[in-house]
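Structure record follows, encoded as structure tokens.
Put into structure tokens, the structure is as follows:
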């Protein structure tokens, strides 16, 4: 996360807030969030202004506004805030280095911040993918704790996930991927404490499902957050189709090939 | 709706009808309807010239013609009419400020007008989405009045809908979204009285399903009509998939988080 | 169909065959076939070089070659032949006004010609849409003649079809759409006699399903062939989904609204 | 495969490795792999960096790196190696004529090489298509050897496959397409021996399914590999849908038309 010098730079540049979102570089967060969201729209992840995406670079956090058509977003729509300022206990209220007029901040903001502060993530994606929603509905039919975690194993795409923050390498083919499920709340920001609880209970997870709502997925950087989110959506879709065909999500498979 | 001065302006500009559909602004209705319809075509909403879209700005109503390939539409294809003139009881017949040659006016015209005059809508979208059609077919299997309204609750995407014309804010997560279903008629314009009846019976609805046909969705402006239409299609798709998986549309969910 | 003067023109222009496929007009058949096929590829209609499209203008018939990747086709890939020459009994063999080097003529050629000569069609589309294939597989499970025709009624999209060659207007909502099904043959050109038989038996049809293979759809012109093909694919998809949900294709619906 | 003169040329050009991936020709392998992978991404074949594609021209083999977002790949991301050098028994380790910095070679490399050396293929595609995965899961439910091969017959799209390396012509409509299934291994390169075994056991196959993982498909050139891969994915999707509708993959169909 950002050094002290970075934070100083931030406060200064906030005098000209539009500098924070003006760049010719397509990989600048203010350009990347709109292009990612347009792509996510075609995937059905951010239908009807639902879902969103946030990127952190050092201390700066870039967030899409609430209620915007995700495939039409522009760099000038982006909010910018200082991560350090959010966690400063002397501050009472969230302050923005840049706030676009005519918009409201995203209700997802505290959830994105949780991924940045508690996991040091560089990007967090929130989708309303109906595959994610269907998986939580199918789990809801089960009794007890088994309804509170999605589990799948022995599928190649599981290798698309890291072993956990601070661990090296990715999950293996025979590992069981576990994604915790939290219950939905009427107000999105009220999900924060439950998301944080799930993060504590599953210290290696890069994602949390929200029942009847969608999923939050993060990663060290945009590349990892996006590819983990794609891999997860692939697995959710596969899981729903497996259920329709009567195939179980957890299996015993006899290992093949050299065991290293 | 348009003031008297607006109407006067309309009648004057009709001397040069092509001025009504000529603009460099991509958000001008004559440019927006073609670009929206091209997008709707890729979503499967306006397959084979079915479905359509109309935008109202003050007194002016812009409508796509009948029988046109929706992904190929051009601004010069657009009909324009004065809303006030349609409701003037001294007029016998619908008159257009601009009529493209070689086309016929859309049969959806009186249904779009109902959304504009009775709800003050700024945009109305009509889709043949097969998710909408399947939902009406599934409801048809039920007995009595339950076949005449689509109901779903406890899904996050429900928050994509307004509480109703003149009310502030959107539906909540635990609210039940209700979309009335009317029976289809052989001639589309004959749907008008049933659509208006449904509007009266469901004063807060922004949409009406038409059995074995599709859905009409409107909103205060293009942004709201489009995002409500997307959210609804998302819910229709989810509902069909829930039915395939044996999951009920209406559920009892124990509230979580602070109740405000 | 082409007048004698048209035919004369054709034979002359065949001295410079590339003139037949060179035009700046995006609606020229040699430009339109590639752009249509690219669109059909994204719809899953012409996967893996399957399917195709042919356009007739007066006496000239434009056909895509065999075995080409449909989303990559170029105007220079197009074959051109004279329709009159094909039906001239003094000719023994099919001759082309223009043959692109390195390609083979499409095996669909005699089937496209059947639509042009027997129905005066201006365009014929052949898809391998898996919705079409699934409908023929579902019908195959039925006994006797009911396996040889796809029937559906009381769906709005049925209005996307004409009543039949030489008849005015389109089918109504309550009409039953009937599409004959013929059995597949190992060699595509051998389908021709069965396609022609089906055309005779169903004089009003604009399409013929081929069991375990796909569908042929035609129309007076490109617009009509394409929109009828889209409407049909929509109905095939709906029919498969209805079957998955236990809903019948043929229903008794009480008429609503004024009966005219 | 490359002659000695080709190999000499390769070793020389490796002095300026970037020449190997620099060309204005869109059909140059270093340009074609990125454009193909972008297309495959939209088809859901290479989600979340999964899957890949390799092209061989004479002795030169072009391979995408590991862990890259497939729709964003650039020519400068491409690895190049000499095929002859890989099979030279005096060499101990794989050497690359060009290695992009910051990347790791694809774990699929030995599997692609197997298609090039054992079948003389010009292109090999590896997808994680969930249709392929679902087919292997459905087969896993069966007892004994029937779980180790996917079989389907009497579907037109089967004609999209060649009869086998060195044989002329394609499979016929009534032929049974057989694609062997191998079990997945924790490390992708460990699949190589099983893939090669399957190639020996099924000398005519152009594809091998990997249980719970995906499929490898190859062909004499890019055109054939891509169209065979598309046709196969079409058949996998159809097979899953047939299973959902209770329709068998293998059928007895009475031949129709002239038998030649």
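Protein chains in written order, with my numbering: chain Z, 1 to 260; chain R, 1 to 260; chain U, 1 to 260; chain C, 1 to 260. Glycine included, C-beta positions come from ideal geometry on N, C-alpha and C.
Measuring only the C-alpha atoms, how far is residue i from residue j?
{"i": "residue 99 (chain U)", "j": "residue 45 (chain U)", "result": "25 Å"}
{"i": "residue 205 (chain C)", "j": "residue 199 (chain C)", "result": "7 Å"}
{"i": "residue 121 (chain C)", "j": "residue 110 (chain C)", "result": "14 Å"}
{"i": "residue 257 (chain Z)", "j": "residue 178 (chain Z)", "result": "25 Å"}
{"i": "residue 130 (chain R)", "j": "residue 127 (chain Z)", "result": "23 Å"}
{"i": "residue 185 (chain Z)", "j": "residue 196 (chain Z)", "result": "14 Å"}
{"i": "residue 188 (chain R)", "j": "residue 25 (chain U)", "result": "36 Å"}
{"i": "residue 59 (chain R)", "j": "residue 220 (chain R)", "result": "14 Å"}
{"i": "residue 51 (chain U)", "j": "residue 125 (chain U)", "result": "8 Å"}
{"i": "residue 194 (chain R)", "j": "residue 222 (chain R)", "result": "24 Å"}
{"i": "residue 106 (chain C)", "j": "residue 63 (chain C)", "result": "7 Å"}
{"i": "residue 171 (chain C)", "j": "residue 41 (chain C)", "result": "28 Å"}
{"i": "residue 255 (chain R)", "j": "residue 231 (chain Z)", "result": "31 Å"}
{"i": "residue 209 (chain R)", "j": "residue 145 (chain R)", "result": "14 Å"}
{"i": "residue 163 (chain C)", "j": "residue 33 (chain C)", "result": "26 Å"}
In three-state DSSP terms, what is residue i?
{"i": "residue 96 (chain R)", "result": "coil"}
{"i": "residue 21 (chain R)", "result": "helix"}
{"i": "residue 51 (chain Z)", "result": "coil"}
{"i": "residue 71 (chain U)", "result": "helix"}
On the DSSP letters alone, give me the boundaries of the alpha helix (DSSP H) that residue i sits inside.
{"i": "residue 173 (chain Z)", "result": "Neither: residue 173 (chain Z) is in no alpha helix (DSSP H) and is coded neither H nor E."}
{"i": "residue 41 (chain U)", "result": "29-42"}
{"i": "residue 243 (chain C)", "result": "222-244"}
Which same chain residues, not among the five before or five after residue i, have their C-beta less than 8 Å away from its C-beta?
{"i": "residue 251 (chain U)", "result": "153 and 154"}
{"i": "residue 68 (chain R)", "result": "49, 77 and 103"}
{"i": "residue 35 (chain Z)", "result": "26"}
Output the boundary residues of the beta strand (DSSP E) element that contains residue i.
{"i": "residue 82 (chain U)", "result": "79-82"}
{"i": "residue 60 (chain R)", "result": "60-63"}
Under 7 Å Cβ to Cβ from residue i, same chain only, skipping five residues before and after it: list those, please.
{"i": "residue 173 (chain U)", "result": "154, 156, 158 and 159"}
{"i": "residue 139 (chain R)", "result": "147, 150 and 181"}
{"i": "residue 243 (chain U)", "result": "138"}
{"i": "residue 23 (chain R)", "result": "30 and 31"}
{"i": "residue 239 (chain C)", "result": "135, 152 and 249"}
{"i": "residue 87 (chain U)", "result": "117"}
Which residues in the same chain have their Cβ closer than 6 Å to the Cβ of residue i, if we skip the five residues on either side of it in sequence?
{"i": "residue 183 (chain U)", "result": "211"}
{"i": "residue 237 (chain R)", "result": "131"}
{"i": "residue 202 (chain U)", "result": "180"}
{"i": "residue 56 (chain R)", "result": "116 and 122"}
{"i": "residue 165 (chain R)", "result": "119"}
Which runs of the alpha helix (DSSP H) fall wholly inside the segment 102-168 of chain R and span at least 4 residues, in chain order? 109-119 and 130-140
What beta strand (DSSP E) runs, 3 residues minimum, are completely inside the segment 181-218 of chain C? Contiguous beta strand (DSSP E) elements confined to the segment 181-218 of chain C occur at 207-210, taking only those with 3 or more residues.
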